[in-house]
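Under my numbering, think of the first position of the sequence shown as 5, with each following residue one higher. Here's the structure, in structure tokens; my notes come after.
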Amino acid sequence: MVPYKILKRIPLGNSGTLFEMDIYAPLIANKAYAGNFVLIRINETGERIPLTIADYDRKNGVITLVFQVVGKSTLLLSHQNEGDEILDVVGPLGNKIHVKKYEYPIIIIGGGVGIAPCYPQAKELKQAGNKIISIIGARTKDLVFWRERMTEVSEKLFICTNDGSEGIEGFVTQPLRDIISKDKISLVIAIGPMIMMKNVAELTSGIEGLPRVKTFVSLNTIMIDGTGMCGGCRFPAKNGEIHFACVEGPDVDGHIVDFDILLNREKRFAEFEKKSYDFYKKECKNLKIG
Numbered sequence: 005m006v007p008y009k010i011l012k013r014i015p016l017g018n019s020g021t022l023f024e025m026d027i028y029a030p031l032i033a034n035k036a037y038a039g040n041f042v043l044i045r046i047n048e049t050g051e052r053i054p055l056t057i058a059d060y061d062r063k064n065g066v067i068t069l070v071f072q073v074v075g076k077s078t079l080l081l082s083h084q085n086e087g088d089e090i091l092d093v094v095g096p097l098g099n100k101i102h103v104k105k106y107e108y109p110i111i112i113i114g115g116g117v118g119i120a121p122c123y124p125q126a127k128e129l130k131q132a133g134n135k136i137i138s139i140i141g142a143r144t145k146d147l148v149f150w151r152e153r154m155t156e157v158s159e160k161l162f163i164c165t166n167d168g169s170e171g172i173e174g175f176v177t178q179p180l181r182d183i184i185s186k187d188k189i190s191l192v193i194a195i196g197p198m199i200m201m202k203n204v205a206e207l208t209s210g211i212e213g214l215p216r217v218k219t220f221v222s223l224n225t226i227m228i229d230g231t232g233m234c235g236g237c238r239f240p241a242k243n244g245e246i247h248f249a250c251v252e253g254p255d256v257d258g259h260i261v262d263f264d265i266l267l268n269r270e271k272r273f274a275e276f277e278k279k280s281y282d283f284y285k286k287e288c289k290n291l292k293i294g
């Protein structure tokens with residue numbers, strides 16, 4: 005078995021919570037495309053973490069992952085160093101994005117850690133001859149990263165921060181509204197926090213006299229096996245149907261998703277995640293992030 009060795013681990017931004025990690029996984033790198041994800045398990049007692057592939061290098065057999073420390077497992081992952089090995093890396097899972105030449109520009113929106121998976125999508129769609137307009141946002145400039153990469157694959161790049169510390173003060177929906185109210189757009193892709201994707205999907209659904217624009221969102225729901233067997237990744241549609249993000253997505257039609265139910269479901273686990281995170285930090289108080 006090929007060891008999943010960490011070749012690079014660097015902090016992103018200045019928050020101390022965002023990390024970029026290159027992992028040697030030649031079989032996965034050879035089959036990876038934009039939209040695919042992997043399930044990683046750090047050790048035998050660890051939980052499975054779904055992470056979208058942020059980049060891939062077929063020649064050198066490397067995949068790039070970007071993650072933010074939000075709980076025990078991602079905190080433990082941030083403590084791994086170059087040369088360490090990950091026990092399990094399963095993938096590529098999910099569906100690659102549909103790449104073709106569209107008539108009008110494509111808007112790609114990344115929020116927070118969701119900026120990372122926007123990059124391969126923008127790159128592959130640009131290679132197909134599309135004009136890419138990218139909007140990336142975060143709470144503050146310390147959480148913004150990959151500005152140069154996104155600039156390389158975008159005709160235009162808008163940066164938004166909630167506190168106005170960089171770029172446009174406010175949310176990613178502000179430049180989105182301005183663009184779709186004036187210009188014809190073929191497709192919108194949104195990747196990031198659930199509430200951000202909900203707001204984007206609402207804005208592109210034809211409200212307030214704005215045009216309806218086809219919109220995909222990336223659902224990073226709870227996943228255990230990544231093949232649809234466990235049902236942990238299920239998400240509800242507005243018509244009552246149940247879908248499975250790991251086999252139908254992770255990129256799905258944003259206009260069919262019942263985000264209100266998904267947001268409530270997220271809250272159910274917040275208390276347990278916090279308890280696990282706090283306990284781990286207490287037990288490993290001598291370990292520091294970064």
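For every residue, glycine included, the Cβ atom is placed at its ideal position computed from N, Cα and C. The structure presented is a predicted model; accordingly, all values stated were derived computationally and were not measured.
CB of residue i within 7 Å of CB of residue j, strictly
i: N265; j: K242; result: The amino acid at residue 265 is misidentified as Asn; the sequence shows Ile. Result no, Cβ atoms of I265 and K242 do not sit closer than 7 Å.
i: D182; j: S222; result: no
i: A126; j: V157; result: yes
i: I90; j: I53; result: no
i: K135; j: E159; result: yes
i: S190; j: E128; result: no
Rounded straight-line distance, which links the Cα of residue j to that of residue i
i: K68; j: K9; result: One point to set straight first is that residue 68 is Thr, not Lys, in the sequence displayed. Roughly 12 Å between the two C-alpha positions.
i: D59; j: I113; result: 17 Å
i: N18; j: D88; result: 24 Å
i: I137; j: P109; result: 7 Å
i: L11; j: M154; result: 23 Å
i: P7; j: C122; result: 28 Å
i: A33; j: G65; result: 5 Å
i: K105; j: Q131; result: 9 Å
i: I293; j: I184; result: At I293, the pLDDT of 46 sits below 50, so the modelled position is not reliable; the number obtained from the coordinates is stated separately. Their Cα atoms are separated by approximately 40 Å.
i: N99; j: I195; result: 15 Å
i: F220; j: I111; result: 11 Å
i: E170; j: I139; result: 13 Å
i: P197; j: D262; result: 15 Å
i: D61; j: I101; result: 18 Å
i: G213; j: Y28; result: 49 Å
i: K35; j: L16; result: 26 Å
i: D146; j: I119; result: 13 Å
i: G244; j: K63; result: 44 Å
i: N203; j: P30; result: 38 Å
For residue i, the nearest candidate out of the options (CA to CA)
i: M201; options: Q72, F162, I184, G141; result: G141
i: G39; options: I193, G20, I27, I139; result: I193
i: I199; options: G115, I246, L55, G168; result: G115
i: S209; options: K127, Y28, D257; result: D257
i: N85; options: I14, T144, K160, A120; result: I14
i: E173; options: K186, T144, L80; result: T144
i: K186; options: E51, V217, N203, P197; result: V217
i: Y37; options: G213, I27, P124, I119; result: P124
i: N224; options: L191, I27, H83, F41; result: F41
i: T2; options: L207, E128, S77; result: Past the edges of the chain, shown from 5 to 294, lies residue 2, and the structure says nothing about it.
i: L81; options: L55, I57, I46, E51; result: I46
i: T56; options: L79, V103, V117, L31; result: V117
Segment limits, beta strand (DSSP E) that includes residue i
i: D146; result: Element bounds for D146: n/a, residue is neither H nor E.
i: A194; result: 191 to 195
i: L80; result: No beta strand (DSSP E) contains L80, which is instead part of the alpha helix (DSSP H) from 76 to 82.
i: G9; result: Sequence check: residue 9 is Lys here, not Gly. K9 -> beta strand (DSSP E) spans 8 to 16.
i: P54; result: 53 to 61
i: P96; result: 92 to 97
Opening and closing residue of the alpha helix (DSSP H) in which residue i lies
i: D182; result: 177 to 186
i: L31; result: 30 to 35
i: A126; result: 119 to 131
i: L207; result: 198 to 207
For the structure I just gave you, are there three or more beta carbon pairs, one from the stretch 145 to 152 and one from the stretch 178 to 192, closer than 8 Å? Touching, no, given that fewer than three Cβ pairs across the two stretches are closer than 8 Å.
Given 8 Å, three or more beta-carbon pairs between the stretch 93 to 101 and the stretch 160 to 167: Result no; under three Cβ-Cβ pairs closer than 8 Å.
Check whether the stretch 67 to 83 touches the stretch 18 to 36, counting contact only when three or more Cβ pairs, one atom from each stretch, lie closer than 8 Å. yes
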